[in-house]
Amino acid sequence: MSMPVFGVGDSTLRAVGGEAAVRELVDRFYDAMERLPEARGIRALHPADLDESRDKLTTFLIGWMGGPSRYRERFGPIAIPAAHRHLDIGPEERDAWLACMATALEEIGAADDLKRYLLTQLRHPAEMCRRR
Ligand code: HEM
551 MSMPVFGVGD STLRAVGGEA AVRELVDRFY DAMERLPEAR GIRALHPADL
601 DESRDKLTTF LIGWMGGPSR YRERFGPIAI PAAHRHLDIG PEERDAWLAC
651 MATALEEIGA ADDLKRYLLT QLRHPAEMCR RR
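Numbering (the working numbering), first residue to last: 551 to 682.
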């Protein structure tokens with residue numbers, strides 16, 4: 551049996567289950583952020599209404615996973631570190647963000663190798679968002 555390949559073309563997006571599955575992942579991600587005690591701080595950095603945050607993270611991740619550039623189509627170009635420069639993000643905030651993502655991946659039933667791959671890869675942009 552061959553090993554799954556992620557990160558080539560749209561293989562990651564397909565492994566997650568396509569664009570609708572990314573939306574499901576992001577919904578679980580923000581639901582976790584509303585609920586997890588360690589995420590209280592990063593929840594407070596977001597607007598009260600998370601609709602736009604859900605939309606923006608979904609469209610961004612679709613492109614980041616090798617799919618169509620939905621974020622750019624709808625909102626224009628983005629650089630993740632610059633988009634977070636105004637936010638007070640340190641190691642705790644980075645780890646809380648990744649913990650929400652780990653919970654969301656668990657809840658959508660992502661396979662262990664996919665989960666490991668995504669959390670390792672997402673750690674890079676998360677680290678770049680840190681300003682302390
Ligand atoms: C390191 C921890 C992170 C924290 C605490 C965080 C927090 C936030 C907050 C509070 C916003 C809303 C900003 C506002 O409304 O002013 C935001 C926007 C956004 N975040 Fe993050 N974020 C983190 C990491 C990431 C990562 C790793 C990605 C992508 C892989 C990401 C993607 C986005 C996108 C696409 C937006 C929308 C930007 C826009 O259109 O203005 N974030 N984030």
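Using N, Cα and C, we set each Cβ at its ideal position, and we do this for glycine too.
No experiment lies behind these values; they were computed from the predicted model shown.
Check whether residue i and residue j have beta carbons under 8 Å apart
i	j	result
G613	R624	no
A589	C650	yes
L611	V558	no
E569	I658	no
L655	K665	yes
G616	S552	no
I592	A629	no
A571	P554	no
T653	L607	no
Y667	F556	yes
Option in the options with minimal Cα separation from residue i
i	options	result
D581	D599, G568, R680, V566	D599
P641	R682, R564, G626	R682
L637	P618, H596, F556, L648	H596
H634	S603, D663, M583	S603
L705	R622, T670, D662	Look at the range of the chain in this structure, 551 to 682, and you will see that residue 705 is not part of it.
L563	A594, P618, I639	P618
Outcome for residue i when other beta-carbon atoms lying within 10 angstroms are tallied against a minimum of 16
i	result
A660	buried
A676	buried
T609	buried
E584	exposed
First through last residue of the alpha helix (DSSP H) which encompasses residue i
i	result
G591	590-595
P675	662-678
S561	561-566
R644	641-657
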